[in-house]
Amino acid sequence: MTRSNAYIGSPLDRIEDLRLLAGAGTFVGDLKPDNLLYAVILRSPISHGRIRKIGTAAARSLQGVAAVITAAEIGEVPIIPVRQHGKPEGEPYRQPVIAGEKVRYVGEPVAVVIASEQCIAEDAAELIELEIDELPAVATHEIAARDQTLLFENTVTNLATTFYARMGDADMAFATAEYKRKEKFSVHRHTASPMETRGLLAEWNPELQRMVVSGATKVPFFNRNVVAEMLRLQPSQVDLIEVDVGGGFGARGEFYPEDFLIPFAARYVGGNVRWVEDRREHLMAMNHAREMYADLEIACRKDGTLVGVRGRIDIDLGAYVRTNGFTTPRNVVQFVSGPYLIPNIAIDAFSYLTSKTPTGTYRGPGRYEASFFCERLLDMAANDLGIDPAEFRLKNLIPEDQLPRPLATMAGLDRTWQTELDNGAYGVVMERCLKEFGWEEKKKLQGQLIDGRYHGIAVGNFVEGGAGGRFENARMTIEKGGTVTVAVGSTALGQGLQTILSQIAADALSMPIERIRLLHGSTTLVTQGFGSFHSRSTVMGGSAILLAAEALVALLRDKGASHFGCEPDQVSVSDGYVYYGTKSMEFSAFAGSEVERQFENRKLTYSYGSHTAHVAVDPGTGHVELLDYMTVDDVGRIINPATLHGQILGAIVQGLGSTFLEHLQYDENGQLLTGSLADYLLPTATDFPNIRGISLGLRPCPNNPLGAKGAGEGGLIAVGGVIGNAIAAALRSMSVEPRDLPLSPPQIWRLIQQAKASNHNPKMNEQS
Amino acid sequence: MKFPPLRYLTPQSLDEAIALLEQHGADAKLLSGGQSLMPMLAFRLASCSILIDLKFVPGLDRITVTDRGVELGSRVRWRDIEHDVRLPTVQPLLSMAVKHIAHYAIRNRGTVGGSLAHGDPASELPALAVACGATIAIAGPNGRRSLPAEEFFLFPLITALEPNEVIVSLHFPPWPKARSFGFQEFSRRRGDFAMAGAIVFFDQDKDQNICSPHIGAFGIADTPLRLGEAEKFLLGNRAGSRIFEEAAAHGVRNVDVRADIHADSDYRRALLATLVNRALVEAAQRTSP
Ligand SMILES: Cc1cc2nc3c(=O)[nH]c(=O)nc-3n(C[C@H](O)[C@H](O)[C@H](O)COP(=O)(O)OP(=O)(O)OC[C@H]3O[C@@H](n4cnc5c(N)ncnc54)[C@H](O)[C@@H]3O)c2cc1C
């Protein structure tokens, strides 16, 4: 059954599952070293203000309190650096690790209490006298744009940066276009909500002057270097250890204020300090995402051929520019065209600071938003021109012979900001999706009122960028018993990394998977590494493993040759043996042999695919039931169909949560109103039972030796647009056009009421 | 989210529980299923230094069915109601309502007394008690009293219960044969608190005219309500889609609808009208044996 060389492509059970299901997982909250102290963070209850006083005497004198740390105890307060997609003009807006003079969002850390018990630390936090002179909240991007209240007095504007996506000549194209339509859309603030909140355990050893931080995810090597520098330690004095992680989705594992505060606290008290975020904190402290407002215009010929898209997108960044810099604002303008051939593009993005939780990347960053804007525009245009929405898309997908094809140029920026779509048979995959979904059959239901509910169907397409982050390392070591230890810098976030990379390693060495031991994530394992983000760990870590395996095989051939007294090319390696003719030696004879290799890559992978949905809308309640959701995608090469399927379905559910349920709401004072999971609604097991997905390995990626493409995000990207279009199609008889997410029942109901009112009153119709 | 250390007491009788409440005053809180209280303590929205668990007080966990109606002890859990084979015939609305309460794990612990005392305006049981004209039996230092549910719920999370009193049971009047009934609730996800809900039942006289119509609403105002105007509209009329729609529209007109982050009052009012109408249609098709 476990024949060598057949692991890639087979739906192996996840190696990690047995341990996790048996309750043997170790998460940060499970780590309880001796003399553990607990940290609780006091956070600003005010959106924008100047700190007048932080009185800590009462808190300090509470029995069991070891320390209270504020900006004063830290001294020179470090500023968190940008990890990727930074721009010089964004520098002044970076976040200090603790608020000393000003607070700029509800949830900003103001003090850290360290105590012998969690509840004592919480009691003490309540005793801190925090006095803040309130300043006007900058609760929306519109208020921010007025620049009447500046969040940073040392700057002249709340506008952090702008992007200009350009292709062809949009002005010309629009001047001569046969059809145009201009629309406003918005995507609401929501974010990743991993099952496990963040957490860190910092252990400071005063004798050895060493810091060990457990709970690292995503980018341990970068974070190690940052925290070392902030603490004025050598990187070699600091290790970041990866333990089990309950999900990341792009938001977890970036360098947050706590990533400094907790190690600092450990050194300050000279011991072990653990912080585990509670859900209320999580909702105000972890990166938010997605909030943007688009004003876009589409142009095409009467026959439906797209000729251009132009307009602007305003982005609510929140209070600071965090580690992701401007990844999301760049992505949203770059990806409006998605997989479609739109020859003329001029879209500007404006990123404003507001006094709300800072934003960052979340699964499909900028792409979910861009897809919503683009797909809604396409359906509006198709409907206006009387063309079937599927036909309209098939006509405009980029043909295979025009790939690779660059996306719109990011004007004035160097090549690290640019990208091109690699390869793919976009039309083939879309037609397959339509067939699996039963488009022709279901089309008959379009707009029909059946048992009191309106039915609608829609289709949309996505491209998903993968394999960012320039390199990844892998090291292979032959152990005494003849097993091979494989260590990679990629991190596991629950995506089945251990299984997938073991499959790749086993095939590359032609040996049984049981004899591969995979280690990942921690800074102790390899000399350098990147981590897991941008759908990269399979492609990058997997490719690094291929290179390391190649090198290990070469090394064993050399060693075998000198042992057997033959030429290296007469030696073969498989099944844990080194062969020469009829002679063989077990791997164990070569114990200690070790290689480390790095895979480097600057080109991204682009998996792609189609989504289709069938909904029924209840006009009495505004409820939308998802009757069927079908997706087909092409990921280049499938390593493990089972884990891939899980990624796709999980991403779709997350996208449905984004589209229907999840909403981080603020009032006009910048207060966060959704402070628990009773108000921030996540999709649960019973909400969306009808989801299907098929993944293909149709066009291997030309940019890496595996042929694989990142595949963790596509399931989410197209959901907003497809659902918005399905609802519009269902309610076509009333001309309802969803333009703003989320599509909650009150929102749908209101759209229906407005449509009814304006249908009764044609004058109003004209105006709107 | 950890509350400060507190004392945990386990009285063995009702009198002892009341005595402990008297003794400790505002420092103490009764604990039943803990499904509302524990989250409030953890969020530090409520605080106390002593928890008095009713778990060992005998006799509070019984469901009694007699010809005088149904009596639910205060420690009867949602799942006890779900599993009771008598209730679907003697108080069918109860079985229907309980299905909408929370999730399996919470239904396994949450109780009748806890729900009444908590007084959440979006809760099913308080609404059912009001709609059915149930009475609540209460014990305190001065003995027992009983209060119609309609007078018990005052504001969101505020009831007529005194701090030193314990809810003993909830009593539903008898359920006649051939009664028509319907229950409709709308929430964002299965198990969530209702955005609005409607409970209806009525009987019909020998001429098929509606008599004793009862229409309850929840999740809509500060307390569960009866929609008197809708009831008036139905009284003496024949069941039919036209009259149902009008009754629903009238019934919600003067309700003081509350808004929250999930929905404004316009939507909630319209939603309630939809649900009342649907519950009436359902009732017309569903009559108890
Ligand atoms: C996620 C979630 C979803 C939920 N969804 C719903 C829902 O859809 N519908 C719904 O109705 N409920 C819902 N609930 C609440 C649940 O039903 C609670 O169990 C119930 O409201 C309280 O009952 P309890 O036994 O848990 O009371 P507890 O939490 O133990 O107590 C609640 C309050 O009542 C007091 N109390 C308890 N017993 C007595 C007594 N005998 N006499 C006087 N005072 C007493 C306590 O001191 C406390 O103040 C939900 C809860 C959760 C956590």
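Those protein sequence lines, which keep their order, are chains A and B. For the first sequence, the positions run 647 to 1414 when the working numbering is used. For the second sequence, the positions run 77 to 365 when the working numbering is used. A virtual CB, placed ideally from N, CA and C, is assigned to each residue, including glycine.
Asked: Under the three-state DSSP convention, the category A/W850 falls into; Found: strand
Asked: Listed by chain order, chain A residues near B/P81 by CB distance under 8 Å; Found: C765
Asked: Chain A contact for B/R264 (CB, 7 Å cutoff); Found: yes
Asked: Residue from B/A102, B/T363, B/G312 with nearest C-alpha to B/G258; Found: B/T363
Asked: Minimum Cβ-Cβ distance from A/G1266 to chain B less than 7 Å; Found: yes
Asked: Inter-residue spacing [alpha-carbon to alpha-carbon] between B/P217 and B/T165; Found: 37 Å
Asked: Euclidean distance between Cα positions of A/V711 and A/I697; Found: 23 Å
Asked: Classification of B/Y180 by the beta-carbon crowding that lies within 10 angstroms, buried from 16 upward; Found: exposed
Asked: C-beta neighbour in chain A for B/I337, strict 7 Å; Found: yes
Asked: Interface partners of B/D279 on chain A, CB under 7 Å; Found: Chain A residues near B/D279: none, gap ~27 Å exceeds 7 Å.
Asked: Beta-carbon contacts of A/P852 that lie in its chain and below 6 Å, excluding the five residues immediately before and after; Found: G916
Asked: Cross-strand partners of A/R827 (DSSP beta bridge); Found: A/I944
Asked: CB contact below 7 Å: A/L1025 versus chain B; Found: A small fix is needed here, since residue 1025 of chain A is Asp in this sequence, not Leu. No, A/D1025 does not count as interfacial toward chain B.
Asked: Proximal residues to B/D160 (C-beta, below 7 Å), its chain only, five neighbours per side dropped; Found: I139
Asked: Under the three-state DSSP convention, the category A/C1426 falls into; Found: Outside the displayed range of chain A (647 to 1414) lies residue 1426 of chain A, so it cannot be described from this structure.
Asked: Whole runs of the beta strand (DSSP E) within the region 1035-1078 of chain A, excluding any shorter than 3 residues; Found: none
Asked: Any chain A beta carbon closer than 7 Å to B/K308; Found: no
Asked: Distance cut-off 6 Å: B/A193 Cβ against heavy atoms of ligand 1; Found: yes
Asked: Presumed contact (8 Å Cβ cut-off) between B/G189 and B/S222, rounded CB distance; Found: That belief does not hold up - the Cβ atoms of B/G189 and B/S222 are roughly 14 Å apart, past 8 Å.
Asked: Closest residue to A/W921 among A/I1285, A/M932, A/D905 (Cα-Cα distance); Found: A/D905
Asked: Cβ pair A/A785, A/Y998 closer than 7 Å; Found: no
Asked: Reduced DSSP category for B/M114 - H, G, I as helix; E, B as strand; rest coil; Found: helix
Asked: Within chain A, partners of B/M116 - CB distance below 7 Å; Found: Within chain A, no residue comes near B/M116; the closest Cβ sits about 11 Å away, beyond 7 Å.
Asked: Residues near A/P1348 in its chain [Cβ-Cβ closer than 8 Å; skip 5 each side]; Found: D1068, N1069
Asked: heavy atom of ligand 1 below 6 Å from B/K175 C-beta; Found: no
Asked: C-alpha gap between B/L82 and B/S125, whole angstroms; Found: 5 Å
Asked: Neighbour list for A/Q1311 in chain B, Cβ cutoff strictly below 8 Å; Found: I337
Asked: Pairwise C-alpha distance: A/P679 and A/G1227; Found: 54 Å
Asked: Beta bridge counterpart(s) of A/W1395 as assigned by DSSP; Found: A/W1395 pairs with nothing; no bridge assigned.
Asked: Within 7 Å, strictly: CB atoms of A/V714 and A/A757; Found: yes
Asked: Any chain D beta carbon closer than 7 Å to A/L1319; Found: This model lacks chain D altogether; the protein chains it does include are A and B.
Asked: Outcome for B/Y84 when other beta-carbon atoms lying within 10 angstroms are tallied against a minimum of 16; Found: exposed
Asked: Cross-chain neighbours of A/L1307 in chain B, by beta carbon under 8 Å; Found: R264, R265
Asked: As assigned by DSSP and simplified to three states, the class of A/I661; Found: helix
Asked: Under 8 Å from the C-beta of B/D340: neighbouring residues of chain A; Found: P1392
Asked: For A/P1214, the nearest candidate out of A/D1221, A/G1222, A/S1220, A/L1202 (CA to CA); Found: A/L1202
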